[in-house]
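Chains as they are written, first to last, in our numbering: chain X, 1 to 269; chain R, 1 to 269.
For reference, the structure discussed in these notes is given below.
2 protein chains.
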Amino acid sequence: MEMKERPVGIFDSGIGGLTVLKEIRKVLPEESTVYLGDTARVPYGTKSGETIKRYSLENAGFLLKHGIKLLVVACNTASAYALEELKHNLAVPVIGVILPGARQAVMKSRLKRVGVIGTEGTIKSGAYFDAIKGIDPRVVVFPAACPLFVPLVEEGWTDCDVTRLVVKIYLKDMKKERIDVLLLGCTHYPLLKNAIGEFMGEETNIIDSASATAVEVKRVLSEKGLLNKGHGTTARFFVTDSPERFTNVGAIFLDNGELTKAELVKVDG
Amino acid sequence: MEMKERPVGIFDSGIGGLTVLKEIRKVLPEESTVYLGDTARVPYGTKSGETIKRYSLENAGFLLKHGIKLLVVACNTASAYALEELKHNLAVPVIGVILPGARQAVMKSRLKRVGVIGTEGTIKSGAYFDAIKGIDPRVVVFPAACPLFVPLVEEGWTDCDVTRLVVKIYLKDMKKERIDVLLLGCTHYPLLKNAIGEFMGEETNIIDSASATAVEVKRVLSEKGLLNKGHGTTARFFVTDSPERFTNVGAIFLDNGELTKAELVKVDG
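Pasting the structure below:
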């Protein structure tokens, strides 16, 4: 197979990375994709840095066997803890979700006041904080962990009273800080964009890493002359556990019926 | 060390089993305990039966190395999927949380109408349903999965508006069924006993597997002549990842400051 025709590889700790896949397929409809959800070991957010690095290398190893031309780490925790390790060990370009999201947030903030929300692990890692400060040290960053957002999304409660109440509890302090950009630093959160946007109001620009990452993938493929002119592109899905749950909950993420089958695989050892 | 003096071993997929440990130490203050939280691989509830069996055997193997005289599987998912496998492979008595809870629920229900709540995995396994029917086939069982209860407890939101609203959504249909016993089939749920009891009303008896299991442990130890008359009993805690998070969130579960240190270990391979 010619290099160009090879698929883009995407891994996540579970199902959340499907928001990134969805944006990639929207921006790059002529690319084939291979998605790996490490559902046997989800969530990464409560695990240690060392464990996350080991899991990420195993996931990447699996995708490389499928001949990918570029790797997207569609998991904020893995992007925070394992990106350098992956770049150091892999021969293909590696793109995480943090830097693209951070860049877009900085670009869009006129007031230089940016909120960032994510899981406990992502926020505690300081990865978005550091990335934003690295791009523009003048930006004031307001981070907040929102641990209940992921289970709410996976329950399918993206638009209900409970969700609106939880959004209010997590974001009421941030709203007082007069931020003009709120960066969704978790792949599940794009599904709560409406509920979050409603609470924060029109003056706050909601940025998600998923779409920013898709744009970055296109830029890198183009720069390296690796863009495909695909006919009959494919989208394969692999999981390390419970393919049935993955396809069921996945339906919340991908609305076009693209995800009908996920193949069970083993990636550790 | 004499057999009697050996510790009781307890494992859970993570932190929830601490409610079981707490009851065991209340009922059996003269016993030493060794607790293993498999925090690297939590949650079990979304994983397949095969995976859960493998993890459970690895956890038991670790505890056996610490010379335990009895094993408590303080995890509903592992009790549902791996108890027979464990009993078959281990030389020490093995007690799960399902049968003790089911027995007590049947005993307390005059109307023979019992509700059971738990995680998606536990409810889908049908383990409580089967256990109750096995004890008394005349009992009508009303099962319901409550996936958001665990993250609510781990967030420490055991008594707030969000929790009351979620309780109402999950249990409103069950309330209409005129059950007189509601069995909490998840180790996290005892922490929501007040919120659940408030919604269900006084006519519903709330039973939790944790305290029922502790009573069963006492019965088995006594029957086998293994009860300890301990001086200076110890309680050790091991986790497979993130000891810091375990001790922090653990404080929600154990209120006596008993959990100050958790030791990091590897149990797989």
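Glycine is no exception: its CB is placed at the ideal position from the N, C-alpha and C atoms.
Just so you know, these numbers come straight off a predicted model, no measurement behind them.
At least one C-beta of chain R is nearer than 8 Å to the C-beta of X/K47. Listed in chain order, the beta strand (DSSP E) runs fully inside the stretch 126-156 of chain R are 140-145, counting runs of at least 3 residues. Residues of chain X with a Cβ closer than 9 Å to the Cβ of R/T39 are, in chain order, T46 and K47. Relative to R/G17, the option among R/E263, R/T260, R/K266 and R/F237 whose CA is nearest is R/F237. Each residue's CA atom was taken as its position, placing R/D136 and R/V97 some 18 Å apart. Chain X places no beta carbon closer than 8 Å to that of R/L57, leaving this residue out of the contacts. Taking 9 Å as the upper bound on Cβ-Cβ separation, chain X lies near residues C160, D161, V162, L165, V166 and I169 of the stretch 160-192 of chain R. Interface criterion not met: the Cβ of R/D12 is under 8 Å from no Cβ in chain X. Looking at X/S32, X/N76 and X/I68, the one whose alpha-carbon comes closest to that of X/K53 is X/N76. At a cut-off of 8 Å, the C-beta of R/S242 has a neighbouring C-beta in chain X. Here DSSP, grouped into helix, strand and coil, assigns R/I52 to helix.
Within 7 Å of the CB of R/T51, the CB atoms of chain X belong to A40 and D241, in sequence order along the chain. For R/V215 against R/V27, the beta-carbon gap comes to about 6 Å, under 8 Å, which counts as contact. With a 10 Å radius around the Cβ and a threshold of 16 neighbouring Cβ atoms, R/T234 comes out exposed. Interface criterion met: the Cβ of R/L148 is under 8 Å from a Cβ in chain X.
The three-state reading of DSSP puts R/I179 in coil, since its state is none of H, G, I, E or B.
Cα atoms of X/P190 and R/R219: separation of roughly 52 Å, rounded to the nearest angstrom. Sixteen is the threshold: since fewer than 16 other Cβ atoms of the shown chains lie within 10 Å of the Cβ of X/D159, the residue is exposed. X/D180 and X/E154 have their alpha carbons spaced roughly 28 Å apart. Residue pairing from DSSP places R/A235 in a beta bridge opposite R/T33.
For R/V249, the enclosing alpha helix (DSSP H) starts and ends at P243 to F253. Two segments are said to touch when three or more pairs of C-beta atoms, one from each, lie closer than 8 Å; by this definition the stretch 236-251 of chain X touches the stretch 20-37 of chain X. Per DSSP, R/I98 is not a residue of any beta strand (DSSP E); the alpha helix (DSSP H) it occupies stretches across I98 to K108. Note on geometry: alpha-carbon atoms of R/I252 and X/V150 lie some 21 Å from one another. Each of R/A80, R/R41, R/T39 and R/L90 was checked against the Cα of R/G61, and the nearest Cα belongs to R/L90. When rounded, the separation of the alpha-carbon atoms in X/V139 and X/R103 is 12 Å. The CB of X/E85 never comes closer than 7 Å to any CB in chain R; the least such distance is about 18 Å.
Taking a Cβ-Cβ threshold of 7 Å, the residues of chain R close to X/R245 are T46, in chain order. Non-local C-beta neighbours of X/A80 in its own chain, meaning closer than 7 Å and more than five positions away in sequence, comprise I98, T122, S125 and A127, ordered along the chain. From the listed residues R/E263, R/L165 and R/D12, the smallest Cα separation to R/T187 is found for R/D12.
The beta carbon of X/P151 sits closer than 8 Å to some beta carbon of chain R. At least one CB atom of chain X sits nearer than 8 Å to the CB of R/E155.
Per DSSP, R/L192 lies in no alpha helix (DSSP H) and is assigned neither H nor E.
Contact between X/T213 and X/V20 holds: CB atoms are separated by about 6 Å, below the 8 Å threshold.
Residues of the same chain with a CB within less than 8 Å of the CB of R/K87, apart from the 5 flanking positions on each side, are V94 in chain order. Excluding residues up to 5 positions away in sequence, D159 lie with their Cβ nearer than 7 Å to the Cβ of X/N194 in the same chain.
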